[in-house]
Amino acid sequence: MNGSSRLFTGGNASTKRFWRALLAALCAVACVFSLSACGSDKEDGKIRIGIKFDQPGLGFKKSGTYVGFDVDVAKYIAKQLGYSEDQIIWKEAPSKQREAMLQNGDVDIILATYSITPERQKVITFAGPYFVAGQDLMVRAGDTSIQGPQDLNGKRLCSVTGSTSAVTVKQRFASEVQLMEQPGYAECATALFSGIVDAVTTDDIILAGLASSARGRLSVVGKPFTQEYYGVGIKKGDTALARKVNSAIKEMIADGSWKRALQENTKGAHFKPDMKYNPPKPEEGE
Ligand code: GLU
């Protein structure tokens, strides 16, 4: 039950209809007289950026601050677009909600380990790529029964709803594995610790961050079996913004900030990006 219908419990149907109509009319009037769009919290002079809040090394909320490679790339892009750090509003963009957040105008851009795919490009536009990851597996340290995707027969996996990782499992390993879906990868790591699943699967760089924060109790298998091109999600059709974002990414790669950000955010995580694909050439929207 949502908030507005809860208001109406107890009344009869026509009274409810009357109050609902009045509320709708008031909202419409408020909209006309307000500078901002109704239902959105768009503030002038700010940019709203969707990131992950629970992926160490990429997008991570840490006592009110935001850290990680996605955060650093986002700050660089924002700066090139004319926004200082205090003009950024960070919003959590879980895997399943990313397209809708862009479509609804809840955020201006998304940098959230967001793979460019033809399905997503039907409903949003991507700039980038700014990084290329690969889907991999993470197991409990010491478990040698899974050395790569060839060892998944009969195993229980965890991944995240709305991710390419879950889709790949369903397409390639559906007949041999049991897939448990969670809203985020941190929940999957918890399921792995407690023995509910045998492995977590998603991009190697995400798993590296989780394994590193688990201090030796989890380990990444290290046999990536896809390429994930991380894009910057923007509203469908905004090619002017895509072009600006791409020139910012190119500059970030050219001036050495990209490499520095990647090194700093993966420090101690036993992660090596695949140099065959990195750094990528951002060309979408040009
Ligand atoms: N890169 C993959 C995706 O966009 C998996 C990581 C994630 O869920 O953010 O779906």
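Numbering (mature numbering (1 follows the signal peptide of the UniProt record, and there is no 0)), first residue to last: -39 to -1, 1 to 247. Just so it is clear, CB atoms sit at the ideal spot from N, CA and C, and this is done for glycine as well. Treat the numbers as computed from the prediction; the structure is a model and nothing was measured.
Check                                                                                                                       : Outcome
DSSP beta-bridge partners of F92                                                                                            : Y191
Selection from V181, R59 and G177 that minimises the alpha carbon distance to I167                                          : V181
Boundaries of the alpha helix (DSSP H) in which S56 is found, first to last residue                                         : Taken as a continuous stretch (DSSP letters only), S56 belongs to no alpha helix (DSSP H), as it is neither H nor E.
C-alpha gap between P185 and L113, whole angstroms                                                                          : 14 Å
Chain-order list of residues whose beta-carbon lies under 7 Å from that of G6 (same chain, five-residue window excluded)    : Q48
Q139 vs S120 beta-carbon contact at 9 Å                                                                                     : no
Neighbourhood of Q188 by C-beta, 7 Å cutoff - its chain only, sequence neighbours within 5 removed                          : V93, G95 and Y238
Touching by the beta-carbon criterion (3+ pairs, under 8 Å), the stretch 24 to 43 and the stretch 201 to 213                : yes
Rounded Cβ spacing between S56 and G123 (contact assumed at less than 8 Å)                                                  : 4 Å
C-alpha gap between V28 and P79, whole angstroms                                                                            : 29 Å
Buried versus exposed call for M236 [16 or more other C-beta atoms within 10 Å across all chains shown]                     : exposed
Through-space distance from D97 to K116, alpha-carbon basis                                                                 : 15 Å
Any non-hydrogen atom of the ligand GLU closer than 8 Å to Y238 Cβ                                                          : no
Chain-order list of residues whose beta-carbon lies under 7 Å from that of F(-7) (same chain, five-residue window excluded) : Because the pLDDT of F(-7) is 44, which lies under 50, any placement of that residue in the model is unreliable, and the number read from its coordinates should be weighed accordingly. Within the same chain, F(-7) has no close Cβ partners at all.
Opening and closing residue of the alpha helix (DSSP H) in which V130 lies                                                  : T125 to R133
Among K196, E244 and Y190, nearest to V84 - alpha-carbon criterion                                                          : K196
For Y146 and L171, believed in contact at Cβ under 8 Å, the rounded distance                                                : 6 Å
S155 in three-state terms, based on DSSP                                                                                    : coil
Close beta carbons around G11, own chain, < 6 Å, minus the five adjacent residues each side                                 : K52, A54, M62, V68, I71 and A73
Backbone secondary structure at Q139 - three-state DSSP                                                                     : strand
Where T105 falls, given that 16 or more other Cβ within 10 Å makes a residue buried                                         : exposed
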